[in-house]
Each structure stands twice: as structure tokens, then as C-alpha cells.
Amino acid sequence: MRITAILAAGMLLLAACGGGGDGSGGSGPGGLAVPKIDKLGSLGTGEGAVTIVSWAGYVEDGSTDKSVDWVTPFEKETGCQVNNKVAATSDEMVTLMKTGDYDVVSASGDASLRLIYGGDVAPVNTDLVANYKDVFDGLKNKAWNSVDGVAYGIPHGRGANLLMYRTDTVKPAPTSWGAVFDANSPYSGKITAYDSPIYIADAALYLMKTKPELGIKNPYALDDKQFQASVDLLKEQNKTIGEYWSDYTKEVQAFKAGNSVIGTSWQVIANLAEADKAPVEAILPSEGATGWSDTWMISSKAKHPNCGYLWMNYIVSPKANAQVAEWFGEAPANKLSCGETADKNHCATFHADDETYFDQVWYWTTPLAQCVDGRTDVTCKDYSAWTQAWTTIKG
Amino acid sequence: MTSLGSYLHRHPRLRLAGLLSAPLLWLVVAYLGALAVLLVSAFWTVNGFTGGVVRQFSLANFRTILSEEVYRAVTLRSLGVAAAVTVICIVLAVPMAFFMAKVASARSRHWLVIAILTPLWASYLVKAYAWRILLANGGPVDTLLGGPGNGPGYGLFATVLVLSYLWLPYMILPIYAGLERLPDSLLEASADLGARAGRTFRAVVVPILIPSTFAGSIFTFSLSLGDYITVQIVGGKTQLIGNLVYANIGAANNLPFAAAIATIPVLIMVIYLVAVRRSGALEEL
């Protein structure tokens, strides 16, 4: 179901781009044509530089923290000077890649198909990426990083948005998202939620399981009625919210002090809070959860394709992938990374090889007017509608 | 070089143009130009399908802002916060500035000015996060008030408190500058003529204070009106105009709608500036 949904999203995005929008005769899903771009045939010598667009924390050269540096070894090893640009949002990543000034990008699921169908990234010749063979099979050739079995990137890592609570105050231990949507919650005023319009999907996911009559099949594809139900649920929740969080330091401190005792979180936040001696637990509730998955992709206009490939190979090498995964707080993509992490429990903590765990995760996808679950008889709410609704939810 | 110098010496207008061209260029292009782009783009929309900006005149953004109740509520809340911060700053700044300008010795005066300026050297973010820890559940403020949960916690009150703390120097300095220009002899003359302290304050000090206070209020009011970081850090679930602008730029990539929201504080400040102009505040800046 999810795969169909994401493919449908990609199809509609192509139509949006206006290039061969009718797509008849194309090889892609729904007869959609992917721009014909050849993958690199063989690896040459490095061009001496590589330009990267990445999420914060993915490309560290020691300037943030002296002990966190996997860029310098790469530069010494390959002679490719790294020029990194940190992007704040997926939208920004797409815009930057369209300029053609960058060689590689760490795209999330809500950006990758836009890049593929927009012709901004090239298929990846995985034979040239030696470490690709060690990437978890559960991450390879997925709907957000491949088309027709053609790989468009090297999986990097993934994570779920969890339910975190303080074990000393929240009793009995919650097992459902219902704990944060209960209007009569005993923890009213100390409940927290992620401060982003995409959080509407969390409410939709909860309604998908608790109100089947709404017919929600994908939390990122909501028609008027489903959207309104999710927004109403969140408006009701607002009365019990103490604060919304968007940067993780804020959430760690709130849970430590007890200003927040239950709410959405990431595994990395739970770890940091525990390291700070806060009695917290983070679980994947019975309804499943929203989450994210990132992929390194190479530009179709790359000026330094060889260095780009060297980077993609290096960043998923066991050692580097382990370093990034630990610094960022995510499940690594390379199975050998699990032996390289400083914390030997890292992969277990982040469920790196637990496919049944990730089967319950709905990776972030940008909502579009054309329903991403494949429905064509209704119009769904697009992301700008989600943003405006988020404003009214917060009041 | 000398020939150019003498040429300019003979043509004073050209000399003036050369002197002023750089600041004028800055003012017109970078400053007014940016403001004009802001105003124009507020009338554009974003194509929800491609995320591209549609450069076509439309009142849709303003219609949304005027018809949705939430924007009115947030505007009023932001105005309330800005007014409260300004009043608190005035109440704290007037006695402090008076002491600095009229009571303290000339030597300690300089040290006091430095002390007032010191917080401005520290990063805004560090100060805001420090307040977040001070106001935390069971934190120092709670302890002072008798235990966890007794303090204000995070929310609207905390926002006003922290903004007042952050902008206080901007209120003290213009008032201090105004009072310093008030000759001591005037106060003595008033006393010699038989006026009591209250009368002297009303007749001599207040006329100096009013324009200075308005000058300070322009800072505290406009800075509070546009703030979004402090609210995010200590405001709990509160949102002000700044947060709405930020959400529409950062998350939604909807620049035109953010621009439309941003015209609200611009409008409020224009009205405010026109109103305080009559008090002579602008001469005090």
C-alpha cells in the first residue's frame, strides 16, 4: 500500500514538473517517464573536490566538535576537498540541487522522488560503491530511492518518531498514542508534541487505527473530512499541551526538569535524556509511528562525479556510517557499522536490522493535493494547507 | 590624484554626491528595496503543486489573514506582549536611569553605564536558554517561590518576563541620555523657588522624560513585536506574529504568505511611529 502511495506521489510530481506529464509510454509507475540519464560507467580518479548538500550533523569536519570528524580522513584518503552546505528543509535541498552546483545530497523520502522525476539526480551504479553490498536489504531499492528496480541512491539511515514518557510519573506505562490524545489526561499541561505541520500525520495515524470509519489509508493523504478530523483531534490535544518542541535540546531539558512528562520524541533524545539521568523510556506504540529515511544521491549535473562516488562509498563505509549514526542518533544503513559503533548496543537501541519494527513506520512524505495513497476521486490537502492548519491548531 | 581632489573641490555638489552615494545606495536598494519586494510578494501566491511562486496579483493571502480568526488572535496577543514589555521596561528603567544620571557620582556613573551595557555583549540565545533553565519545573524561580510548580512555568507570562529582561537596556539608555542633558541647576532652581520633590518631578523632569521614554519604547515595542525565538524557548505553546512568519517560511516554503503576515507588524509600527512622532521621540533616538 505504502509503495503504491509513494509511487503515485512521484507520478503526480512529475506531472507537476510539466516535463512529459502525460507520461504515456514511460517505463515508470503509472506509465510515468523518468528522464533518461545514464549512470556512471566506471570510476575514474578524483577531481580534487566534492560539493555536498546535507542535513546538519551528516558531514562533520571537527568544526562542531573536535572529536567528531569523518571528513578529514576522507579528504586525506581520496584527495577530494569537501565543500558542504547544510540545508534546513527538504524544500531547500530540492532547490539547491536544481542549481547544478552540488554533486551529492542526503535526501529524505519527501524530497528524493522530486529529485528523481525532476531529472536532478542520476541513477547510481552500485557496482562502483563497494560498501553497497553491506547495506541492509530492507533499505535497498525502496519506493523512495529507486524506480523500476534502478537504484537512485545509497541508503544512509532511518529512524522512527517515538512516544517518550517519564517512568516515575507516567503510570501505568503507555502502549498507545492515545496517551497523548486523551482529553482528560492526568498529565494535562505536561504533554509535548513535535512542532511541525507534519505532526498532523501523527494524529491521522492514530485516527487510522482508532476510527476506521474515516477510511484513512495513508497519514500523508488526507481528504477534507479526514483532514478536518485530524485537525479537530489536534485542537482538542492543544488544551493539554504544555509546549511544542522542534529542537531536541529543548525537549531533553523539558523532560529532565519535568515540564514535559509524555510526548513524541526521537531515540537520540531519549538517549540524551537518559544520559542526563532523566528517568525516561521511549516506545513504538501499538499503532506504529511516523519516521524518516535518508538516501545519498548524486546530481545528474555533477561536476565531480568521481569524488561524489568516493564520498557515497565512504559515508556508508562501516566506520564512517557508524560515526554518523552515533553522532546523529539514527539506525545506520551498513550492517557492518554495528560492529564499529563506540556504544556496542547502538544498533539494538535503534533497531537497525529489525525489519518488523520498521514495517510499522510511515516515513515522512510531503502531502500533495493529489492524494499520495493513489485515490483519484478526491482532492487531498497539500502541505501549505497543512501549515496553515498547524497555525490554527496552535491558536 | 591632486587633480581629482581640486576638481571635486571646485564642484561641491559632485563632492556631496560622492559622499552620499554609498549610504543612499544602501538605503534605497538594500533597505527600501527589500521592503518593497516584501510588500509586492505579499500579493503573490504559491503553487501548492510545484511549490513555485506564482507572480500574479492576488488578495488571497490577505483574505486568509482577515477571515481566519487565529490571525486576529495572534495579532492581539503580540500587541499585548509588546505593550506589556514596554510598560515593564519603563517602570524599571525610569528610577534606574534617574539614579544613574542625577544621584550617582560622575565616576560610578560610567561604571553603571558599562554594567547596563554588559548584558548586550552576551548572546541573545544564551540568555534566553538561561531563562528557560531558571523557569524550569523545580528550577531556581520555582524554589524561590516555594517549590516545584509554584513559578510561572513556560507560557505567555514567561515570554513577557524574558523579553522585558532582554530589552531593558534599550529603554534605560535613551532615558539616561535625556536626563543627563537636564542641568542640575534646573532642579536646584525649582527647589529654591519652593517646589517640593513631587512638583519638581512633574514640572521639570517629566517633560524631559516623555520624549526619551517614547524613544525607548520604539525599541522595546518593535523588538517584542517581531520576536519569535524567545517565544519558542520559554513561550510554551504560545505563538506570536514572528512564529507565524517563521513557520510559513521554514516549513511550508510559502514566502508570499509569510510576507503578507509580516506586513502586520510593519503596519502597526508605522502607526506607532506616526503617533509618537508628535512627542518629539524621534529627536531623542
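So the sequence lines, in the order shown, correspond to chains A and B. Those letters in the first sequence? Residues 1 to 395, by full-length UniProt numbering. Those letters in the second sequence? Residues 1 to 285, by full-length UniProt numbering. Each residue gets a CB set at the ideal place from its N, CA and C atoms; glycine is no exception. The model shown is predicted, which means the values in this text are computed figures rather than measured ones.
Just checking: is the beta-carbon of residue i within a distance shorter than 8 Å of some beta-carbon in chain A?
i: B:G138; result: yes
i: B:N248; result: yes
i: B:K237; result: yes
i: B:N254; result: yes
i: B:E180; result: no
i: B:G147; result: no
i: B:R132; result: yes
i: B:G194; result: no
i: B:V274; result: no
i: B:I46; result: One detail in the question is off: residue 46 of chain B reads as Val in this sequence, not Ile. Yes, its Cβ sits closer than 8 Å to a Cβ of chain A.
i: B:L244; result: yes
i: B:I233; result: yes
i: B:V162; result: no
i: B:G153; result: yes
On a CA-only basis, which of the options is nearest residue i? Give me that one, please.
i: A:E217; options: A:V53, A:I315, A:D373; result: Looking at the sequence itself, residue 217 of chain A is Lys, so the reference to Glu does not match. Per the Cα distances, A:D373.
i: B:N61; options: B:Y71, B:V54, B:F43; result: B:F43
i: A:G48; options: A:G57, A:T341, A:N83, A:P35; result: A:N83
i: A:V324; options: A:V280, A:A143, A:V268; result: A:V268
i: A:G189; options: B:G194, B:L223, B:N137, B:L38; result: B:N137
i: A:A333; options: A:G138, A:L43, A:V34; result: A:G138
i: B:T45; options: B:L39, B:I133, B:F57; result: B:F57
i: B:L173; options: B:L59, B:A101, B:A197; result: B:A101
i: A:D308; options: A:N184, A:F227, A:K133, A:I154; result: In the sequence on display, residue 308 of chain A carries Gly and not Asp. Here the closest residue by C-alpha is A:I154.
i: B:S180; options: B:L66, B:V94, B:A262; result: Before going on, a small fix: residue 180 of chain B reads as Glu here, not Ser. Nearest of B:L66, B:V94, B:A262 to B:E180, Cα basis: B:V94.
i: B:G280; options: B:T263, B:G242, B:Y228, B:P211; result: B:P211
i: A:C371; options: A:I198, A:G41, A:L222, A:G46; result: A:L222
Contact criterion: CB-CB distance below 8 Å. Does residue i meet it with respect to chain B?
i: A:I241; result: yes
i: A:S24; result: In this prediction, A:S24 scores a pLDDT of 33, lower than 50, which makes its location untrustworthy; the coordinate-derived value is nonetheless stated afterwards. No - not a single Cβ of chain B is within 8 Å of the one on A:S24.
i: A:S384; result: yes
i: A:Y187; result: no
i: A:T167; result: no
i: A:A257; result: yes
i: A:Q81; result: no
i: A:N238; result: yes
i: residue 430 of chain A; result: The structure shown has nothing for residue 430 of chain A, since chain A only spans 1 to 395.
i: A:Y244; result: yes
i: A:V147; result: no
i: A:K394; result: yes
i: A:K250; result: yes
i: A:W266; result: no
i: A:T391; result: yes
i: A:T387; result: yes
Could you check the C-alpha separation between residue i and residue j for me, to the nearest Å?
i: A:I262; j: B:P148; result: 18 Å
i: residue 297 of chain B; j: B:F99; result: Outside the shown range of chain B (1 to 285) lies residue 297 of chain B, about which nothing can therefore be said.
i: B:P265; j: B:A259; result: 11 Å
i: A:S54; j: A:A107; result: 8 Å
i: A:P285; j: A:C80; result: 44 Å
i: A:K76; j: A:W70; result: 10 Å
i: B:A73; j: A:H304; result: 52 Å
i: B:G153; j: B:N248; result: 28 Å
i: A:D343; j: A:W327; result: 11 Å
i: A:G20; j: B:G155; result: Because the pLDDT of A:G20 is 33, which lies under 50, any placement of that residue in the model is unreliable, and the number read from its coordinates should be weighed accordingly. Each residue's Cα considered, the two are about 51 Å apart.
i: A:M93; j: B:V91; result: 48 Å
i: A:A122; j: A:Y165; result: 43 Å
i: A:D276; j: A:L234; result: 30 Å
i: A:F74; j: A:K85; result: 17 Å
i: B:S217; j: A:L310; result: 57 Å
i: B:T220; j: A:G395; result: 25 Å
i: A:K381; j: B:V54; result: 19 Å
i: B:C89; j: B:M171; result: 6 Å
Tell me, please, whether the segment 237-250 of chain A touches the segment 230-241 of chain B by the rule of three or more beta-carbon pairs shorter than 8 Å.
yes
Can you pull out the residues from the segment 73-96 of chain B whose beta carbon lies closer than 7 Å to at least one beta carbon of chain A?
Taking 7 Å as the Cβ-Cβ cut-off, the segment 73-96 of chain B approaches chain A at A73, given in chain order.
Given a limit of 9 Å on CB to CB distance, which residues of the segment 93-112 of chain A reach chain B?
Listed by position, the residues of the segment 93-112 of chain A near chain B (Cβ gap below 9 Å) are V94, T95.
State whether the segment 244-259 of chain A contacts the segment 210-228 of chain A, with contact taken as three or more CB pairs (one from each stretch) at a distance under 8 Å.
Taking 8 Å as the limit for Cβ pairs, the verdict is that the segment 210-228 of chain A does not touch the segment 244-259 of chain A.
Would the segment 355-374 of chain A and the segment 196-210 of chain B be scored as touching if the rule is three or more Cβ pairs under 8 Å?
Under the 8 Å Cβ criterion, the segment 355-374 of chain A does not count as touching the segment 196-210 of chain B, having fewer than three qualifying pairs.
Contact the segment 13-21 of chain B vs the segment 267-274 of chain B: 3+ CB pairs below 8 Å:
no
Could you please tell me which residues of the segment 55-70 of chain B, in chain order, have their CB closer than 9 Å to any CB of chain A?
T64, E68, E69, V70
Taking 8 Å as the threshold, find out whether the segment 150-163 of chain A comes into contact with the segment 121-140 of chain A through three or more Cβ pairs.
yes
Under 8 Å (Cβ pairs) to chain B, residues found in the segment 59-71 of chain A:
Correct list: empty, as no residue qualifies.
Residues, ordered as in the chain, of the segment 271-283 of chain A that lie near chain B by beta-carbon distance below 7 Å
Interface annotation for the segment 271-283 of chain A against chain B: empty, criterion Cβ-Cβ distance under 7 Å.
Does the count of Cβ pairs from the segment 128-142 of chain B and the segment 221-235 of chain B closer than 8 Å reach three?
yes
Using 8 Å as the Cβ pair cut-off and three pairs as the minimum, do the segment 287-300 of chain A and the segment 199-208 of chain A touch?
yes
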